[in-house]
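What follows is a set of notes on a single structure, which appears directly below.
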Amino acid sequence: MKYLLRTFLASLAIFIVIPILNVNADRQLNEEEAFRLLQNAFKTQVALSEKPRSMEEVKESLGRYFTPEYTNDFIEMNVQENLDGEGYLAYGTDFALYYIPFFTYDENTKVGYDSDLNQWYVYEWFEESSEGPVTYNGHYEAVGLTFEDGRWAVDDYQIQFNPDELSTSADLEDEPNNKSVKEVSTEERGIWESVLGFIRYTSIKSLASLGWI
Numbered sequence: 001m002k003y004l005l006r007t008f009l010a011s012l013a014i015f016i017v018i019p020i021l022n023v024n025a026d027r028q029l030n031e032e033e034a035f036r037l038l039q040n041a042f043k044t045q046v047a048l049s050e051k052p053r054s055m056e057e058v059k060e061s062l063g064r065y066f067t068p069e070y071t072n073d074f075i076e077m078n079v080q081e082n083l084d085g086e087g088y089l090a091y092g093t094d095f096a097l098y099y100i101p102f103f104t105y106d107e108n109t110k111v112g113y114d115s116d117l118n119q120w121y122v123y124e125w126f127e128e129s130s131e132g133p134v135t136y137n138g139h140y141e142a143v144g145l146t147f148e149d150g151r152w153a154v155d156d157y158q159i160q161f162n163p164d165e166l167s168t169s170a171d172l173e174d175e176p177n178n179k180s181v182k183e184v185s186t187e188e189r190g191i192w193e194s195v196l197g198f199i200r201y202t203s204i205k206s207l208a209s210l211g212w213i
């Protein structure tokens, strides 16, 4: 009886608390998979400057790694008709937007999840640069990934990214059942303790009065 009672109380506590912390990602992201996707996506972008292609070929190449919206934004910003009128090229500039950043893909490259946007981000800190044609202050850059049509694709680019706005530091998918969990704030921890304390007190007191425990 006592075993069944403890099981019941534990189940009740989980049932009540889960809605408070309903921050799990709809789809878990594997870090290795994310890095490989971004590396291939960047190679595809760079390859568009090597030889003229039809617009259909440009969109098909980008479409393997980017959402249609991101593909259109990249083309609008970076792809132009070849000077001789034969096909299209991505003309590089010193400040080209929508290219995958020069991530190092090591411990400096982070992955995080924003539950408010239901969005995964790969991001990294870039140190200040005061040399060359383009100078900039130290900043984070990020790329957003979404899962649609059965695959991951790049759908966002942030040249000034604030990782503090992420809901959680990603607890990446190392095992099939691993889940991303939001870091619990002091206020939320207090709610947990109050709820569990109330359940423990009222349940045990009531059942004790019945002589069940």
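The opening position of the sequence shown corresponds to residue 1 in the UniProt record's numbering, with each subsequent residue numbered one higher.
Glycine included, C-beta positions come from ideal geometry on N, C-alpha and C.
- The DSSP-derived three-state label of THR146 is strand.
- Annotation: PHE147 to TYR123 spans about 18 angstroms, alpha carbon to alpha carbon.
- Where ASP114 is concerned, the enclosing beta strand (DSSP E) starts and stops at 110-114.
- Runs of the beta strand (DSSP E) spanning 3 or more residues and lying entirely within the stretch 76-102 occur at 79-81, 88-90, in chain order.
- Positions of the beta strand (DSSP E) runs, each at least 3 residues long and wholly inside the stretch 19-78, cannot be given because no such run exists.
- Close CB contacts of GLU165 within its chain, under the 8 angstroms cut and outside five residues either way in sequence, are with ASP114 (chain order).
- Counting only the Cα atoms, THR67 lies some 22 angstroms from PRO52.
- Exclusion of the five residues before and after MET77 leaves LEU97, TYR98 as the residues of its chain whose Cβ lies within less than 7 angstroms of its Cβ.
- For ASP155, the enclosing beta strand (DSSP E) starts and ends at 151-158.
- Bounds of the beta strand (DSSP E) holding TYR121 are 119-126.
- Approximately 6 angstroms separates the beta-carbon atoms of THR44 and TYR65; this is inside 8 angstroms, confirming the contact.
- LEU38 and VAL143 do touch by the CB rule: their CB atoms are close to 6 angstroms apart, below 8 angstroms.
- Rounded to the nearest whole angstrom, the CA to CA distance from PHE35 to GLY85 is 36 angstroms.
- Rounded to the nearest whole angstrom, the CA to CA distance from VAL58 to GLU33 is 24 angstroms.
- Nearest Cα to LEU89 within the set PHE102, PRO101, ILE75, GLY150: ILE75.
- Less than 7 angstroms divides the Cβ of PHE161 from the Cβ of TYR140.
- GLU131 is not a Cβ neighbour of GLY138, given a cutoff of 7 angstroms.
- In this structure, VAL154 and LEU145 form a Cβ contact; the two beta carbons are roughly 6 angstroms apart against a cut-off of 8 angstroms.
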